[in-house]
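Just so we're aligned: 1113 in the numbering used here is position 41 of the sequence shown, and the numbers increase by one with no gaps anywhere. No residue lacks a Cβ here, since even glycine has one placed at the ideal position from N, Cα and C. The model shown is predicted, which means the values in this text are computed figures rather than measured ones.
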Amino acid sequence: MSRLAEFRQLEQKLAAQLAELEEMKSSSELQKEIEFETKLRDLLSKYGYSLRDIINILDPQANRRSVAPSAAEKSPRRARQVKQYKNPHNGEIIETKGGNHKLLKEWKAEYGSEEVESWLLARIIFRTQTNRLQGRFFYTSQPLALNQISTFSMATPDWTGTS
């Protein structure tokens, strides 16, 4: 479209909007609303009240009503734990938080999902004597049951995985 045609089209739209604006200005309903707002604001300033004060006077429960919590107010999602997989065929170790890892998908396609899940390395988290959270890794080709993990002495901060 040429600049002249674009200019004329915008000019027509502007003329239509100006006509609509003039029509609204002459509307008796709009005149009533403008008059009401003006008188209300004058009254508020005369008595020193704000709009919030008036809302609290007319509806004291308004600020106590529960509103649907916004996304920012919701409790944050717990971070997913990093999982480590060790391929026993080539010794390669990968870390992922989910099943969308490219190499993990390749392994599952090649060796089968059940076998690859058996390559999961157990991550052991425990509290030390200084009450700080410490992470230690215990490498195994088989998943560990919780009762197997608890047999290790976890009170020592320099635990290496040997008993």
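Residue span of the alpha helix (DSSP H) that contains residue i, given as start and end
i, result
"Glu1095", "1075–1097"
"Tyr1121", "From DSSP, Tyr1121 is part of no alpha helix (DSSP H); its letter is neither H nor E."
"Lys1169", "Run containing Lys1169: none; DSSP gives neither H nor E here."
"Ser1185", "1185–1189"
Burial state of residue i, where buried means 16 or more other Cβ atoms lie within 10 Å
i, result
"Leu1093", "exposed"
"Leu1176", "buried"
"Tyr1157", "buried"
"Val1188", "buried"
"Asn1203", "Note that Asn1203 scores 43 on pLDDT, short of 50, meaning its location in the model is unreliable; the coordinates nonetheless yield the value given after this. With fewer than 16 Cβ atoms within 10 Å of its Cβ, Asn1203 is classed as exposed."
Simplified DSSP assignment, three categories, for residue i
i, result
"Gln1103", "helix"
Chain-order list of residues whose beta-carbon lies under 8 Å from that of residue i (same chain, five-residue window excluded)
i, result
"Ile1126", "Leu1116"
"Leu1192", "Lys1155, Gln1156, Tyr1157, Pro1215"
Start and end residues, beta strand (DSSP E) containing residue i
i, result
"Gln1156", "1155–1158"
Nonlocal neighbours in the same chain, by C-beta distance under 6 Å from residue i, ignoring five residues either side
i, result
"Met1096", "Leu1102"
Cβ neighbours of residue i in the same chain (closer than 7 Å, five flanking residues each side left out)
i, result
"Gly1170", "Arg1152"
"Phe1079", "none"
"Ser1147", "none"
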